[in-house]
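In the working numbering, the protein residues as written are 2 to 172.
Following: one structure in structure tokens, then a few remarks.
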Amino acid sequence: MRRYLEAIEELPGEIKLPLMRVLELFREEIAETVKRSDFEELKSVVRELAEAQKRTEQRVEELAEAQKKTEEELRSLARSHKELKEQVGGIAHTVGYRLEDESYKALPSLLRQDFGVEIKGRLKRDYIDIGRDRYIEVNIWGKAGQNGKEYVVVGEAKSQLKKKDIDEFIL
């Protein structure tokens, strides 16, 4: 700034004052502009933000990869669950048939002993016509007699009997 003042001193008097005024305005304006240190500090902050952004992007990529693995594990678990459900269903089906088979053997003597009912022929699994081309499966079906009267034995074999099962069977 001193060099500018020295240069203005060499000018004719009538332009010194206006030029000094312009120089003062220019000095004030320069004082309001960003200083070099401010600019360097700003560059440093921008660099830090860029690094933080890179770390954030890396973490997002890691999370996306973890999400993919979690989804695949969930799909695998769902497949295993479905297979297990099918296997348990198969076992339940087998147990049900086995229970029915045992009931065919045990029921005739139990009915004779407890109620005096004689089974005629053999007990079997069958379908009963309930009208309008609708049928229901009956696990135990057969003919029986007691004191000269004929009856039909109808039963359901369940490994776990619930009230709902009884209600559905009776109704």
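All C-beta atoms in this analysis are idealised placements derived from N, C-alpha and C, irrespective of residue type, glycine included.
Keep in mind the model is a prediction, meaning the values are calculated, not measured.
So, are the CB atoms of residue i and residue j less than 9 Å apart?
i, j, result
"lysine 124", "glycine 149", "Sequence check: residue 124 is leucine here, not lysine. For leucine 124 and glycine 149, no; Cβs fall outside 9 Å."
"aspartate 168", "glutamate 157", "no"
"glutamate 151", "lysine 121", "yes"
"valine 154", "leucine 111", "no"
"glycine 97", "lysine 159", "yes"
Quickly, what does DSSP pair residue i with across the bridge? List them, please.
i, result
"glutamine 147", "Lys150"
"tyrosine 136", "Asp130"
"isoleucine 120", "Ala145"
"glycine 156", "Ile141"
"phenylalanine 125", "The question names phenylalanine, yet the displayed sequence has lysine at residue 125. According to DSSP, lysine 125 bridges with Trp142."
If residue i and residue j are in contact, beta carbons under 8 Å, what's the gap, nearest whole angstrom?
i, j, result
"tyrosine 5", "leucine 26", "Not quite, the Cβ-Cβ distance comes to about 13 Å (not below 8 Å), so this is no contact."
"glutamate 119", "arginine 113", "6 Å"
"asparagine 140", "glutamate 103", "Not confirmed; about 11 Å, so no contact."
"glycine 117", "glutamine 147", "6 Å"
"leucine 12", "leucine 20", "7 Å"
Below 8 Å, can you find three or more Cβ-Cβ pairs linking the stretch 82–98 to the stretch 54–64? no
Complete runs of the alpha helix (DSSP H) confined to the stretch 12–80 [at least 4 residues]: Those alpha helix (DSSP H) runs which fall completely within the stretch 12–80 and span 4+ residues are 14–33.
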